[in-house]
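My numbering applies: residue 83 is where the sequence shown begins, and numbers increase by one. For each residue, glycine too, the CB sits at the ideal point set by N, CA and C.
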Amino acid sequence: MSTSTPRFHHAWFIVAVAATMRLTSSSFRTSSSILIPRLVEAFGWSYGAVGLGFSLQWIVSGLFGPSVGWLGDRYGIRRVMIGGALLFIVGMVLTGRMSHLWQFYLFFGVILSVSMGVFQVPLTAAVTLWFDKKLGLGMGLLQASQGVGPLIAVPIMLLIIEWFGGGIPGVRAAFWIPGITGGISLLLLIRLFHNEPADLGLRPLGAPEDQPIRQLQKGATASIRTKVFLKEAQRTSAFWNLIGIHFWGCAGHAIILVYLVSLAESRGLSEGMAAGVFVTLTVVSSITRFAVPVAAERFGSKWAMGLCFILQTVPILLLFFANDPWHFYLFAALFGIGFGGEMSAFPIINRQYYGSGPIGTTYGWQMMGSGIGMAAGSLLGGQLRDFTGDFNATLVLSLVLSLVGVVSIIMLPATSHHLIPHWEDALPQEARSTSAT
């Protein structure tokens with residue numbers, strides 16, 4: 083039987099399935115700028131109170147990041163995702179039934195956030211296992227799906243809210259309908275996903291033809307590999323710095339994502355025009371979510387990330403003077419470049435620093451920084467807006483947070499060589515990959 087590499091590798095099908103799951107599970111989170119004004123209007127809650135719910139969501143998903151990453155590395159992503167899909171349905175349905183603020187915090191901020199964390203951390207880590215080469219392209223396609231999500235979710239949410247008469251009935255329907263249909267779609271898609279190429283008797287895309295096909299993500303082998311790899315990775319300064327970088331970057335852009343529509347409407351833009359600004363930002367960010375991982379793999383992640391952080395920082399200055407629609411659209415285009423690329427290079431820099439190890443737990447720690455950063459940004463942004471009565475102090479905070487991220491990236495080591503090239507030496511022979519045997 084021929085062992086030649088097929089023209090169409092199954093890795094691309096896995097990327098397509100993963101991208102669809104990411105789009106389905108994360109669209110509501112990335113559309114918060116549209117949801118917040120509707121929740122404030124429907125239930126009479128303050129911006130700060132609603133912002134706390136989104137902050138809680140990011141905190142919970144962030145704190146669960148290392149745990150769900152470990153579970154994915156240890157037991158396989160499919161098992162973890164089934165639980166995530168069920169939680170998605172439960173969280174969306176219960177959120178649609180909420181009447182009190184504490185219910186919003188519990189159903190949306192806790193239950194739904196755990197589900198979203200499942201489809202963020204282990205899913206990304208699992209896709210990396212399918213690529214020995216062209217990981218940048220694979221990650222670009224996956225990350226772009228998260229940017230496309232709001233383009234689909236925003237019109238659907240607005241249409242559902244309007245169809246059901248707005249107010250509380252419209253908000254309820256906007257959670258129920260996508261929650262049930264999306265959850266069922268996730269369960270069906272999980273059946274098409276596989277943890278690693280060896281499950282189908284394949285090698286990763288681009289792997290040498292003489293590389294043995296071995297399952298490394300099951301049983302005792304997965305357990306010891308995950309434990310040893312994390313221990314070695316945590317000894318590097320980059321492990322901890324990347325957590326901080328994700329915190330600073332996400333705290334900075336969370337403020338913009340959550341409050342951009344409200345800011346635009348407060349400066350005189352219509353509801354539709356303000357939504358158009360947000361859509362423009364997501365369209366541009368989708369392009370850079372795709373392009374930056376490809377560039378990072380080819381030219382190095384450190385400077386690709388640094389450039390994106392700068393482009394996330396400088397355009398904020400425009401918002402201090404923005405009053406006309408074109409000001410906001412210009413901002414959305416410039417900021418979208420930086421925002422889209424800022425986080426999409428993280429899987430690539432993990433590969434460049436740590437090789438093909440089980441990065442689920444490592445990436446989970448970084449997503450913990452991201453989650454806490456998103457929480458801090460949305461919470462402090464809302465509180466500052468409520469306290470001062472406008473968004474100027476909130477914008478200053480966003481600017482400073484992103485600037486700290488730029489400085490942190492400068493302190494990273496070069497990505498031209500692995501930081502722990504011999505970590506598998508601590509493994510028993512049967513748990514090592516081909517490169518170490």
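Closest option to residue 466, judged by alpha-carbon separation, among 341, 184, 511, 96: 341.
In this structure the segment 308–317 does not touch the segment 131–146; the number of beta carbon pairs closer than 8 Å is below three.
For the 7 Å CB-CB criterion, residue 196 and residue 169 form a contact. Residue 213 is bridged by DSSP to 287.
Per the C-alpha coordinates, the member of 103, 500, 442 positioned closest to residue 275 is 103. Relative to the Cα of residue 92, the nearest Cα in the group 220, 190, 107, 201 belongs to 220.
Collapsing the DSSP output to three states places residue 432 in a helix. Between the C-alpha atoms of residue 319 and residue 494 there is a straight-line separation of about 8 Å.
Contact between residue 464 and residue 126 is ruled out by a C-beta separation of about 15 Å, above the 8 Å threshold.
When secondary structure is reduced to three states using DSSP, residue 458 falls in the helix class. With respect to the 7 Å criterion, residue 189 and residue 135 are not classified as neighbours on the basis of their beta carbons. Fewer than three pairs of CB atoms, one per stretch, sit closer than 8 Å, so the segment 424–434 makes no contact with the segment 145–164. In the structure shown, residue 497 falls within a coil segment according to DSSP collapsed to helix, strand and coil. Relative to residue 257, the option among 243, 401, 268 whose CA is nearest is 243.
In the three-state reduction of the DSSP assignment, residue 437 falls in the coil class, being assigned neither a helical nor a strand state. In the structure shown, the three-state DSSP call for residue 232 is helix. Rounded to the nearest whole angstrom, the CA to CA distance from residue 447 to residue 247 is 42 Å. Residue nearest to residue 400 within the set 385, 386, 391, 416 is 416 (criterion: CA-CA distance).
Between the C-alpha atoms of residue 443 and residue 155 there is a straight-line separation of about 7 Å.
Remark: C-beta atoms of residue 326 and residue 490 approach each other more closely than 7 Å. DSSP, reduced to helix, strand and coil, places residue 354 within a helical segment of the structure shown.
Under the 8 Å Cβ criterion, the segment 205–215 counts as touching the segment 278–288, having at least three qualifying pairs. Nearest Cα to residue 360 within the set 97, 269, 230: 230. When the alpha-carbon of residue 336 is set against those of 141, 471, 511, the nearest one is in 141. Note that the C-beta distance between residue 261 and residue 171 is below 7 Å. Under a 10 Å Cβ-count criterion, residue 321 is classified as buried, with 16 or more other Cβ atoms of the shown protein chains found around its own Cβ. In its chain, beyond the 5 residues on either side, 411, 414, 415, 418 have a beta carbon closer than 8 Å to the beta carbon of residue 362. Judged by DSSP secondary structure, residue 155 falls within the alpha helix (DSSP H) whose first and last residues are 147–157. Under the 10 Å beta carbon count, residue 372 is surrounded by 16 or more other beta carbons and is classified as buried. If you ignore the 5 residues before and after residue 368, its C-beta comes within less than 6 Å of the C-beta of 226, 229, 230, all in its own chain and listed in chain order. The three-state reading of DSSP puts residue 514 in coil, since its state is none of H, G, I, E or B.
For the set 279, 391, 303, the Cα lying nearest the Cα of residue 294 is the one of 279.
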